[in-house]
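One structure is given below, encoded as structure tokens.
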Amino acid sequence: MTSHFAIVPAAGSGARFGSPTPKQYELLAGRPLIHYSLAVLCACPLIERVWVVLAPDDSGWRRFDWTPLGPKLESVFSGGATRSASVANGLRAAATAVCDEDWLLVHDAARPCLSLSMLTRLCAELADDAVGGLLAVPLADTLKRGDDEQRVVRTEARDGLWQAQTPQMFRYGLLRRALAEHPAGTDEASAIEALGLRPRLVRGDTSNLKVTYAADLRLAEMILRARNGGGE
584 MTSHFAIVPA
594 AGSGARFGSP
604 TPKQYELLAG
614 RPLIHYSLAV
624 LCACPLIERV
634 WVVLAPDDSG
644 WRRFDWTPLG
654 PKLESVFSGG
664 ATRSASVANG
674 LRAAATAVCD
684 EDWLLVHDAA
694 RPCLSLSMLT
704 RLCAELADDA
714 VGGLLAVPLA
724 DTLKRGDDEQ
734 RVVRTEARDG
744 LWQAQTPQMF
754 RYGLLRRALA
764 EHPAGTDEAS
774 AIEALGLRPR
784 LVRGDTSNLK
794 VTYAADLRLA
804 EMILRARNGG
814 GE
């Protein structure tokens, strides 16, 4: 039987958010944004341990009480300059607890609306997959290619295009090798693709949004409040 573990890279500053506070500590419905990503991972019975990877000089983490999330959560202050570096450092921190064939899930700190049902579906659909995969949604919007003057060059065909989400779930040994050999990718799946492998797309939900701008924070709060009212 293989086990499931999770890493949440949270060493970034969230510069595009436009706030002096690191984005992961912006308040969302009275709690820091990162709380929601960590809470759903810690609540999942399939996941044995969750590592949150913070910047070495992080001064925000200890301002909050994380004990309600339980004993699964472990913080490591070894974040790197890039997402892939932070994940790689998290993988090293997990080395004594995880075997090469165990599943490792990487989830965004700023993706607070992941539900337990989405997480469970991802684990179930990838249980016997030879490569692993990620949550994603098919693109619905029309895509325009622009030039330096913000003029439309052409309309891009969206057939077969998916918007990647997280968690992204791969075997520990495979993911560690992929990030070591291909550290320049924008997500874990791109590093796996660079090895010549084809991750599986598991259909997610548009509610699993990533908070990038202030308006996204308000939308995330509406999603969470509606979900809580619905009893999910």
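Per my numbering, the very first residue in the sequence shown carries number 584; after that it's consecutive.
By construction, the Cβ of each residue, glycine as well, lies at the ideal position given by its N, Cα and C atoms.
When the options are compared against residue i, the one with the closest alpha-carbon
i, options, result
"Ile590", "Ser773, Ile630, Pro603, Asp742", "Ile630"
"Pro782", "Asp648, Ser698, Trp644, Leu757", "Leu757"
"Glu684", "Asp712, Thr665, Asn672, Ala664", "Asp712"
"Ala707", "Ala761, Met805, Tyr755, Arg786", "Arg786"
"Leu762", "Ile617, Pro651, Gly673, Arg646", "Gly673"
"Ser667", "Phe647, Pro654, Val689", "Val689"
"Leu705", "Pro750, Ser620, Thr789, Asp641", "Pro750"
"Arg810", "Asp742, Val736, Ser700, Pro766", "Ser700"
"Thr665", "Leu807, Arg645, Gly768, Ile617", "Gly768"
"Pro651", "Asp640, Ala671, Arg614, Val636", "Arg614"
"Val794", "Glu609, His587, Phe588", "Glu609"
Assigned exposure category for residue i - 16 Cβ within 10 Å defines buried
i, result
"Glu540", "Outside the displayed span of the chain (584 to 815) sits residue 540, for which this structure offers no information."
"Gly814", "Note that Gly814 scores 44 on pLDDT, short of 50, meaning its location in the model is unreliable and no value can be drawn from it."
"Pro592", "buried"
"Lys727", "exposed"
"Met805", "exposed"
"Pro721", "exposed"
"Ser669", "buried"
"Cys696", "buried"
"Ala622", "buried"
"Ala638", "buried"
"Phe842", "Limits of the chain in this structure are 584 at one end and 815 at the other, which puts residue 842 out of reach."
"Met752", "buried"
"Leu616", "buried"
Through-space distance from residue j to residue i, alpha-carbon basis
i, j, result
"Leu780", "Leu800", "35 Å"
"Thr679", "Leu624", "20 Å"
"Trp649", "Ala626", "13 Å"
"Arg632", "Ala692", "16 Å"
"Leu656", "Ala723", "36 Å"
"Leu709", "Gly715", "6 Å"
"Gly663", "Cys682", "23 Å"
"Leu717", "Leu702", "10 Å"
"Ser658", "Ala594", "11 Å"
"Thr585", "Glu732", "52 Å"
"Asp618", "His587", "One point to set straight first is that residue 618 is His, not Asp, in the sequence displayed. If you take the alpha carbons of His618 and His587, they lie about 20 Å apart."
"Gly812", "Thr789", "19 Å"
"Pro628", "Leu744", "32 Å"
DSSP three-state assignment for residue i, whether helix, strand or coil
i, result
"Glu771", "helix"
"Glu815", "Reliability of the predicted coordinates at Glu815 is poor, the pLDDT of 45 falling under 50, and the value obtained from them is presented with this limitation in mind. Correct three-state label for Glu815: coil."
"His618", "helix"
"Arg728", "strand"
"Met701", "helix"
"Met805", "helix"
"Gly716", "strand"
"Thr749", "strand"
"Val681", "coil"
Expected contact under 8 Å - CB spacing of residue i and residue j to nearest Å
i, j, result
"Leu792", "Ala803", "6 Å"
"Pro605", "Gly643", "6 Å"
"Ala747", "Ala719", "5 Å"
"Ala677", "Ser661", "With 8 Å as the limit, Ala677 and Ser661 do not qualify as a contact, their Cβ atoms being about 11 Å apart."
"Trp686", "Arg754", "6 Å"
"Asp730", "Val736", "5 Å"
"Arg694", "Ser620", "6 Å"
"Ala671", "Leu807", "Incorrect: roughly 31 Å between the Cβ atoms, too far for contact."
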